[in-house]
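Protein chains: 2
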Amino acid sequence: MTNAALTPAEARAKFRAGLRVPTSGFCAGWAQANLISLPRDHAYDFLLFAQRNPQACPVLDVTEPGETSASIFSGDLRTDLPAYRVYRDGELVDECADVTGVWRDDLVSFLVGCSFTFETALLDAGVPVRHIEAGTNVPMYRTNRECRPAGRLSGSLVVSMRPVPAELVPLAVRVTARYPAVHGAPVHVGSPGLLGLEDLDHPDFGDAVEIRPGELPVFWACGVTPQAAVMRSRPPFAIGHAPGHMAITDARDHDYLS
Amino acid sequence: MTNAALTPAEARAKFRAGLRVPTSGFCAGWAQANLISLPRDHAYDFLLFAQRNPQACPVLDVTEPGETSASIFSGDLRTDLPAYRVYRDGELVDECADVTGVWRDDLVSFLVGCSFTFETALLDAGVPVRHIEAGTNVPMYRTNRECRPAGRLSGSLVVSMRPVPAELVPLAVRVTARYPAVHGAPVHVGSPGLLGLEDLDHPDFGDAVEIRPGELPVFWACGVTPQAAVMRSRPPFAIGHAPGHMAITDARDHDYLS
């Protein structure tokens, strides 16, 4: 069975059993989500940060403190993503496949929309998605654009990049604009220097992809933005997904169609 | 000068000077907002309630504790709405034109999208708006639909109602669906009994309007929903706008066009 044909429960079982790969291309038609888990004391700051930066942080679901599943994610948030990142005082201290051992009862988990969700729609519309063709992770970059801060949280916008043939850029914008809850339309087309990005070959997260002649780099807001804010703002503890290694939810792509 | 031609600053000056009227039809092209101010200790519960009930509670702006203006509202939140409601332990204890005397430094103010914002677009599209024709307040009703609770906050959905000629219902849906941040498309068309509403002539808030032959009652989610949750959930203190007597913001209607 191809990755695209898996159900969310099947994919989560594979990840729980140890499969550790980026989730782009998995479970066609099902929404994927970024994870950020923070102590309850920091939950208001994050929810406000998300309200102030909705394109980067579209919140799909919020758990009660300590809960290990969510209304749109019936799996176990501690084991059913392919990989996690653990932060203490803003420092990345571990990347691992299971966070059961460091889980805390005061953690509020936020599931934030992920642009992998609209990739099926891009493919259906005839827009190629290079990192799926290449079987690699999407490239992600920290930009020079500041998010609006909230309480103790501040950070810069992180974007994902997909090269799009110039003539298909309007179609790519139109298709993705229909999914505002999973980052929606691009934030930028074609001039990485204006985002402070000098070298697309060395992404901050994920893998570089080829940009072919006649293609423009197109940038979408990315749900790794909360982790960039954690690294800058240094809450005492946080867990995120490993970039590109998402929570595959029980919600359908079309649940987020505007 | 007509009410529609006023700028937000001009309208706010009139309200500050004592004008106490519903704001429907004021300041064409400018967004209006519901106000709910709660102690900082209850701010997370409300922001989570809004995240879980986005059609009723689309949050446009959130202040820091004690702040009396907001990024989209350069006036004074304590004086520049036409009228306020003050709640203690969930009981309505005052309706007044100025809340300076009861203001608290720990109040976080939430500006929540208001359906008055899309009424200009409805009129432009040729959809009549009865309460503007009649010069009265929009009728609002508490329904039997429960909102998803959050922390200590729970309550039922409040809706506003506009009678729409049957042949214009699809147009009214399409026009308003383009404004998701100000309640968007209707939640219900034509069968008030299914919302638990037996008597449209006696709204819970605002004024009744005539429903003429050939018209259907069309119901939109309403930003009075937070005040219904306050009445049910009894936080120690809260301030809201008097229903229909909104904050007129410095944001344009089209800022909220999807």
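Chains as they are written, first to last, in my numbering: chain A, 632 to 889; chain B, 632 to 889.
Glycine included, each C-beta is placed from N, C-alpha and C at the ideal position.
> Residues in the stretch 674–687 of chain A with C-beta within 7 Å of chain B's C-beta atoms, listed in sequence order?
Replying inline: Taking 7 Å as the cut-off between beta carbons, the residues of the stretch 674–687 of chain A near chain B are A674, Y675, L678, L679, Q682, in sequence order.
>> Suppose only complete runs of 4+ residues qualify. What are the alpha helix (DSSP H) ranges in the stretch 808–888 of chain B, listed by chain order?
In response: Qualifying alpha helix (DSSP H) stretches, in chain order: 856–864.
> Measuring CA to CA, which of B/G824, B/G827, B/F868, B/C853 is closest to B/G837?
Replying inline: Distances from the CA of B/G837 to each of B/G824, B/G827, B/F868, B/C853 were compared; the closest alpha carbon is that of B/C853.
>> Is it the case that the stretch 661–674 of chain A contacts the stretch 728–739 of chain A, given that we only count it when at least three CB pairs across the two stretches are under 8 Å?
In response: The stretch 728–739 of chain A makes contact with the stretch 661–674 of chain A, as at least three CB pairs between them are under 8 Å.
> Between A/V652 and B/P811, what straight-line distance do the alpha-carbon atoms span, to the nearest angstrom?
Replying inline: Cα-Cα distance, rounded: 36 Å.
> If you follow the beta strand (DSSP E) that A/L742 is part of, which residue opens it and which one closes it?
Replying inline: Taken as a continuous stretch (DSSP letters only), the beta strand (DSSP E) holding A/L742 covers 738–744.
>> Can you tell me whether B/H885 is buried or exposed? The criterion is at least 16 other CB atoms within 10 Å of its CB, across all chains shown.
In response: It is exposed - the Cβ of B/H885 has fewer than 16 other Cβ atoms within 10 Å.
>> How far does the beta strand (DSSP E) with B/P796 in it extend, from its first residue to its last?
In response: Per DSSP, B/P796 belongs to the beta strand (DSSP E) from 787–796.
>> With a threshold of 8 Å, are at least 3 pairs of Cβ atoms found where one atom belongs to the stretch 692–704 of chain A and the other to the stretch 719–728 of chain A?
In response: With a cut-off of 8 Å, the stretch 719–728 of chain A and the stretch 692–704 of chain A do not count as touching, because too few Cβ pairs lie within range.
> With 9 Å set as the bound, which would you pick, yes or no: does the beta-carbon of A/V652 sit closer than that to a beta-carbon of chain B?
Replying inline: It does not: the Cβ of A/V652 has no partner Cβ on chain B nearer than 9 Å.
> In chain order, what residues of the same chain have a beta carbon less than 8 Å from the beta carbon of A/G757, not counting five sequence neighbours either side?
Replying inline: Only L799, L802 meet the Cβ criterion.
> Just how far apart, CA to CA, sit A/R805 and B/L788?
Replying inline: Counting only the Cα atoms, B/L788 lies some 33 Å from A/R805.
>> Along the chain, where does the alpha helix (DSSP H) containing A/I763 start, and where does it finish?
In response: 761–765 is the span of the alpha helix (DSSP H), which, as asked, contains A/I763.
>> Judging by CA-CA distance, which residue of A/N768, A/G782, A/G786 is the nearest neighbour of A/T774?
In response: Ranking the options by Cα distance to A/T774, first place goes to A/G786.
> Given that A/S895 touches chain B, what residues does it touch there, using C-beta distances under 8 Å?
Replying inline: Outside the shown range of chain A (632 to 889) lies residue 895 of chain A, about which nothing can therefore be said.
> Can you list the residues of chain A that B/L690 reaches, using a CB-CB cut of under 8 Å?
Replying inline: Reading off the sequence shown, one finds Val at residue 690 of chain B, where the question assumed Leu. Within chain A, the residues near B/V690 are Q682.
> Nearest chain B C-beta to A/V743 closer than 9 Å, yes or no?
Replying inline: Interface flag for A/V743 against chain B is unset, since no Cβ pair is found closer than 9 Å.
> Is the CB-CB distance between B/I870 and B/V733 below 9 Å?
Replying inline: Between B/I870 and B/V733, the C-beta spacing is below 9 Å.
> When DSSP labels each residue in this structure, what does B/F657 get in the three-state scheme?
Replying inline: Here B/F657 sits in coil by DSSP.
> Taking A/S864 as the reference, which of A/H876, A/G827, A/A781 has the closest Cα?
Replying inline: Here the closest residue by C-alpha is A/A781.
>> If contacts are defined as beta-carbon pairs under 8 Å, then A/G875 and A/S700 qualify, I think. What distance do you get, rounded to the angstrom?
In response: Wrong, their Cβ atoms sit about 22 Å apart, outside the cutoff.
>> What does DSSP give as the partner residue(s) for A/F704 in the beta ladder?
In response: A/A701, per the DSSP bridge assignment.
> What number of angstroms, rounded off, separates the C-alpha of B/A662 from the C-alpha of B/E777?
Replying inline: Answer to the nearest angstrom: the Cα atoms are 27 Å apart.
>> Run through the DSSP bridge pairs and tell me what A/Y772 is partnered with.
In response: In DSSP, A/Y772 forms a bridge with A/V790.
>> Does the CB of B/V693 have a neighbour CB from chain A at under 9 Å?
In response: So, interface residue.
>> Let's test the definition: count the other Cβ atoms within 10 Å of the Cβ of A/R779 and tell me whether it reaches 16, buried, or not, exposed.
In response: A/R779 should be labelled exposed.
>> Rounding to the nearest angstrom, what Cα-Cα distance links A/L650 and A/S705 in this structure?
In response: Roughly 19 Å between the two C-alpha positions.
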